[in-house]
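Peer 1: Take this structure, written in structure tokens, and hold onto it; I'll ask about it next.
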Amino acid sequence: MADITPFYVMDIFTRAKELAAQGQRIIHMEIGEPDFLAPEPVIQSAIQALTTGHTRYTATLGLPALREKIADFYLRRYGVNIPWQRIVVTPGTSGALQLALAVLVNPGDEVLVSDPGYPSNRNMIRVFGGSVIDIPVGPDTLYQPTADLIARYATPSTAAAIVTTPSNPTGSLMPARDMVGIIRQADRLNIRLVVDELYLGLVYGATATDAIHIDEADMGTAAALSEEVFIVNGFSKYFGMTGWRLGWMVVPESFLRDTEKLAQNLYLSASAIAQHGALVAFEPRTLAILDERREEFQHRRDFLLPALRDMGFHIPVEPHGAFYLYADCSAFTKDSLQFANELLEHTGVAVTPGIDFGKNAPRQYVRFAYTTGMGNLQEGVGRLRRYLS
Numbered sequence: 001m002a003d004i005t006p007f008y009v010m011d012i013f014t015r016a017k018e019l020a021a022q023g024q025r026i027i028h029m030e031i032g033e034p035d036f037l038a039p040e041p042v043i044q045s046a047i048q049a050l051t052t053g054h055t056r057y058t059a060t061l062g063l064p065a066l067r068e069k070i071a072d073f074y075l076r077r078y079g080v081n082i083p084w085q086r087i088v089v090t091p092g093t094s095g096a097l098q099l100a101l102a103v104l105v106n107p108g109d110e111v112l113v114s115d116p117g118y119p120s121n122r123n124m125i126r127v128f129g130g131s132v133i134d135i136p137v138g139p140d141t142l143y144q145p146t147a148d149l150i151a152r153y154a155t156p157s158t159a160a161a162i163v164t165t166p167s168n169p170t171g172s173l174m175p176a177r178d179m180v181g182i183i184r185q186a187d188r189l190n191i192r193l194v195v196d197e198l199y200l201g202l203v204y205g206a207t208a209t210d211a212i213h214i215d216e217a218d219m220g221t222a223a224a225l226s227e228e229v230f231i232v233n234g235f236s237k238y239f240g241m242t243g244w245r246l247g248w249m250v251v252p253e254s255f256l257r258d259t260e261k262l263a264q265n266l267y268l269s270a271s272a273i274a275q276h277g278a279l280v281a282f283e284p285r286t287l288a289i290l291d292e293r294r295e296e297f298q299h300r301r302d303f304l305l306p307a308l309r310d311m312g313f314h315i316p317v318e319p320h321g322a323f324y325l326y327a328d329c330s331a332f333t334k335d336s337l338q339f340a341n342e343l344l345e346h347t348g349v350a351v352t353p354g355i356d357f358g359k360n361a362p363r364q365y366v367r368f369a370y371t372t373g374m375g376n377l378q379e380g381v382g383r384l385r386r387y388l389s
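Shown next as structure tokens:
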């Protein structure tokens, strides 16, 4: 347990709750949870499941009808034909990542991860006896690993690599050509690749000042490039179903039986109610709601990005996905944790310190989540501007 790192943002969140209880109005930009609730059709579908008794265990790999709908979604949205039998429904995307790592990692194996990157990935690797190998990434590679970096940091003990696109905390999107290079490199090195696409539904176009060209291929899934990659996704972010704890994984065929055996023993099955609710998540009426919300997130990004830059935060790479801005705060502080606490106490704006995301200059960065309405973002920017000027 000594190797399991804390989630510092939860300390910020707890203190924010305390201040709110004292009557202070807090602008929450620290937690990566959409402010939108699950779409109404999903809610009604879950209610119907409750009232009609669909509350028992499902098959371990998930409702066949839901797996078929996920496969159909890949075909319609991305043009990728995935047999529904390769799709495994899990209790949350974290459950999918845990399954992938449980299948791939033996004690002493190494797993490559990006730094900065989502902290829970490192801790999951450690739980299964693996060793974390951080790959420092920065603006020069769009905060994403490359084939050359994979080769540089891999050793004979490397069993797997985790790639997240769009990224948390940077919101950066890996270009399709780079994903092709990483898949080929992993194959040459006999490394299994796990691609976390949880934020893939939240991909945005460029702004007028963006120097990076984004085309349709860059917005696609890695499942289009290889059948040997583990693809992780879920219903939390794009679908706005965080508390429903429902995810999925596209599994290479040769690993399906091992994955099923582990799932049977780790969690038996994902929530039946959540699965029945998700049956309507891919219908046109639901997707229309979700795409309107994606446009709203882009509107928020297009407001917050220039506002933070104007204040003196350095954001060298425009994010093209998720709902985060990873901002260099070195113009104001040498310690992002102290800075985050200071902002909370003096402005009532809650942000995440960079130390949550790795060892690559973490005290130089804070993460802003634009998971709150435009009115709150505008007020938060005003508070920050007055305090920092």
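As numbered in UniProt numbering, residues 1 to 389 make up the sequence shown, in order.
Built from N, CA and C at the ideal position, the CB exists for glycine as well.
With 16 other CB atoms within 10 Å as the buried threshold, where does residue 57 fall?
Peer 2: Indexing the sequence shown from 1 puts residue 57 at position 57. Classification of residue 57: exposed, given that the 10 Å Cβ count is below 16.
Peer 1: Taking 8 Å as the threshold, find out whether the segment 158 to 165 comes into contact with the segment 102 to 119 through three or more Cβ pairs.
Peer 2: Counting Cβ pairs under 8 Å, three or more are found: they touch.
Peer 1: Taking C-beta to C-beta, are residue 318 and residue 304 nearer than 8 Å?
Peer 2: Position 318 of the sequence shown, counted from the first residue, corresponds to residue 318. Position 304 of the sequence shown, counted from the first residue, corresponds to residue 304. Going by C-beta atoms, residue 318 is not nearer than 8 Å to residue 304.
Peer 1: Taking 8 Å as the threshold, find out whether the segment 132 to 146 comes into contact with the segment 255 to 262 through three or more Cβ pairs.
Peer 2: As far as the Cβ criterion goes, the segment 132 to 146 does not touch the segment 255 to 262, which means the pair count is below three.
Peer 1: Quick one: residues in its chain with C-beta nearer than 6 Å to the C-beta of residue 391, no 5 flanking neighbours on either side, listed in chain order?
Peer 2: Any answer about residue 391 is impossible in this case: the structure gives the chain only from 1 up to 389.
Peer 1: Going by the CB atoms, is the gap between residue 195 and residue 230 shorter than 8 Å?
Peer 2: Sequence index remark: in the sequence shown, residue 230 carries index 230 (1-based). Sequence index remark: in the sequence shown, residue 195 carries index 195 (1-based). The answer is yes: Cβ separation under 8 Å.
Peer 1: Rounded C-beta distance between residue 45 and residue 279? I'm assuming under 8 Å.
Peer 2: Reading the sequence shown from its first residue, position 45 is the one you call residue 45. Reading the sequence shown from its first residue, position 279 is the one you call residue 279. About 6 Å; that satisfies the 8 Å criterion.
Peer 1: On the three-state DSSP scale, how would you describe residue 331?
Peer 2: Reading the sequence shown from its first residue, position 331 is the one you call residue 331. Note: residue 331 maps to coil in three-state DSSP.
Peer 1: Leaving aside the five residues before and after residue 357 along the sequence, list all residues of the same chain whose C-beta is less than 7 Å from its C-beta, in chain order.
Peer 2: On the sequence shown, position 357 is the one that residue 357 refers to. If we look at residue 357 and ignore the five residues flanking it on each side, its Cβ neighbours are 116, 117, 119 and 169.
Peer 1: Quick check on the burial criterion: 16 or more other C-beta atoms within 10 angstroms. Buried or exposed for residue 237?
Peer 2: Indexing the sequence shown from 1 puts residue 237 at position 237. It counts as buried.
Peer 1: Hey, residue 20 and residue 12: beta-carbon distance below 8 Å or not?
Peer 2: Position 20 of the sequence shown holds residue 20. Position 12 of the sequence shown holds residue 12. No, these two residues do not count as a Cβ contact at 8 Å.
Peer 1: Which same chain residues end up closer than 6 Å to residue 316 when comparing Cβ atoms and leaving out the 5 residues on each side of it in sequence?
Peer 2: Position 316 of the sequence shown, counted from the first residue, corresponds to residue 316. Answer for residue 316: 139, listed in chain order.
Peer 1: State whether the segment 307 to 316 contacts the segment 334 to 351, with contact taken as three or more CB pairs (one from each stretch) at a distance under 8 Å.
Peer 2: No contact exists between the segment 307 to 316 and the segment 334 to 351.
Peer 1: Determine contact between the segment 238 to 251 and the segment 265 to 278, defined as no fewer than three beta-carbon pairs at a distance below 8 Å.
Peer 2: Result yes; three or more Cβ-Cβ pairs closer than 8 Å.
Peer 1: By the three-class DSSP mapping on this structure, what secondary structure does residue 107 have?
Peer 2: Position 107 of the sequence shown, counted from the start, is the residue given in the question as residue 107. Three-state result, residue 107: coil.
Peer 1: So who's on the other strand from residue 163, going by DSSP bridges?
Peer 2: As a working note, residue 163 is residue 163 in the sequence shown. Per DSSP, 195.
Peer 1: Just verifying my parser: in three-state terms, what is the DSSP assignment at residue 133?
Peer 2: Counted from its first residue, the sequence shown places residue 133 at position 133. Reduced to three states, the DSSP call for residue 133 is strand.
Peer 1: Using 8 Å as the threshold, is the C-beta distance between residue 185 and residue 147 below it?
Peer 2: Along the sequence shown, read from residue 1 onward, the residue named residue 185 stands at position 185. Along the sequence shown, read from residue 1 onward, the residue named residue 147 stands at position 147. Yes, they are a contact pair.
Peer 1: Please give the ranges of any alpha helix (DSSP H) in the segment 275 to 337, keeping only runs that are unbroken, at least 4 residues long and fully inside the region.
Peer 2: Taking only runs of at least 4 residues, the alpha helix (DSSP H) segments lying wholly in the segment 275 to 337 are 284 to 311.
Peer 1: Whose C-beta lies closer than 7 Å to the C-beta of residue 126 among residues of the same chain, with five residues either side of it excluded?
Peer 2: In the sequence shown, residue 126 corresponds to position 126, counting from 1. Same-chain partners within the cutoff: 3, 4 and 132.
Peer 1: Are at least three pairs of beta-carbons, each pair with one atom in the segment 320 to 330 and one in the segment 170 to 189, less than 8 Å apart?
Peer 2: Because the criterion of three Cβ pairs below 8 Å is met, the segment 320 to 330 and the segment 170 to 189 touch.
Peer 1: Among 374, 124 and 188, whose alpha-carbon lies nearest the alpha-carbon of residue 302?
Peer 2: As a first step, residue 302 must be located in the sequence shown, where it is residue number 302. Closest option to residue 302, Cα to Cα, is 374.
Peer 1: So, are the CB atoms of residue 235 and residue 69 less than 8 Å apart?
Peer 2: Residue 235 sits at position 235 when you count from the first residue of the sequence shown. Residue 69 sits at position 69 when you count from the first residue of the sequence shown. No, these two residues do not count as a Cβ contact at 8 Å.
Peer 1: May I ask you to report which of helix, strand or coil DSSP gives residue 9?
Peer 2: Position 9 of the sequence shown, counted from the start, is the residue given in the question as residue 9. Reduced to three states, the DSSP call for residue 9 is helix.
Peer 1: Out of 84, 228 and 335, point me to the one whose CA is closest to residue 64's CA.
Peer 2: Start at 1 with the first residue of the sequence shown, and residue 64 comes out as number 64. The candidate whose alpha carbon is nearest that of residue 64 is 84.
Peer 1: Nearest-angstrom Cα distance between residue 31 and residue 158?
Peer 2: If you number the sequence shown from 1, residue 31 lands on position 31. If you number the sequence shown from 1, residue 158 lands on position 158. Each residue's alpha carbon lies about 32 Å from the other.
Peer 1: Taking 7 Å as the cut-off, is the beta-carbon of residue 132 closer than that to any non-hydrogen atom of the ligand ATP?
Peer 2: Summarising the ligand content, the structure contains no ligands, and the ligand ATP is consequently not present.
Peer 1: Round the Cβ separation of residue 290 and residue 39 to the nearest angstrom and send it over; I've been treating them as touching at under 8 Å.
Peer 2: Stepping through the sequence shown from its first residue, residue 290 is reached at position 290. Stepping through the sequence shown from its first residue, residue 39 is reached at position 39. Yes, they are in contact, since the Cβ atoms of residue 290 and residue 39 sit about 7 Å apart, within 8 Å.
Peer 1: As a quick exercise: from 252, 223, 80 and 193, pick the residue whose alpha carbon is nearest that of residue 154.
Peer 2: Within the sequence shown, numbered from 1, the residue matching residue 154 stands at position 154. Comparing Cα positions, the closest option is 193.
Peer 1: What residue range does the alpha helix (DSSP H) around residue 387 cover?
Peer 2: By one-based count along the sequence shown, residue 387 stands at place 387. 374 to 388 is the extent of the alpha helix (DSSP H) around residue 387.
Peer 1: In whole angstroms, what separates the C-alpha of residue 178 from that of residue 330?
Peer 2: Position 178 of the sequence shown, counted from the first residue, corresponds to residue 178. Position 330 of the sequence shown, counted from the first residue, corresponds to residue 330. Going by the C-alpha atoms only, they are around 30 Å apart.
Peer 1: Spatial neighbours of residue 210 within its chain, please: CB distance less than 6 Å, with the 5 preceding and 5 following residues excluded, ordered by chain position.
Peer 2: On the sequence shown, position 210 is the one that residue 210 refers to. Annotation note: pLDDT 45 at residue 210 (below 50); position unreliable, coordinate value reported separately. Counting only Cβ-Cβ distances below 6 Å, and skipping sequence neighbours, we find 318.
Peer 1: Under the three-state reduction of DSSP, which class applies to residue 174: helix, strand or coil?
Peer 2: Stepping through the sequence shown from its first residue, residue 174 is reached at position 174. Three-state DSSP puts residue 174 in coil, outside helix and strand.
Peer 1: Note the first and the last residue of the continuous beta strand (DSSP E) segment covering residue 47.
Peer 2: Counted from its first residue, the sequence shown places residue 47 at position 47. That residue, residue 47, is in no beta strand (DSSP E); its alpha helix (DSSP H) goes 40 to 51.
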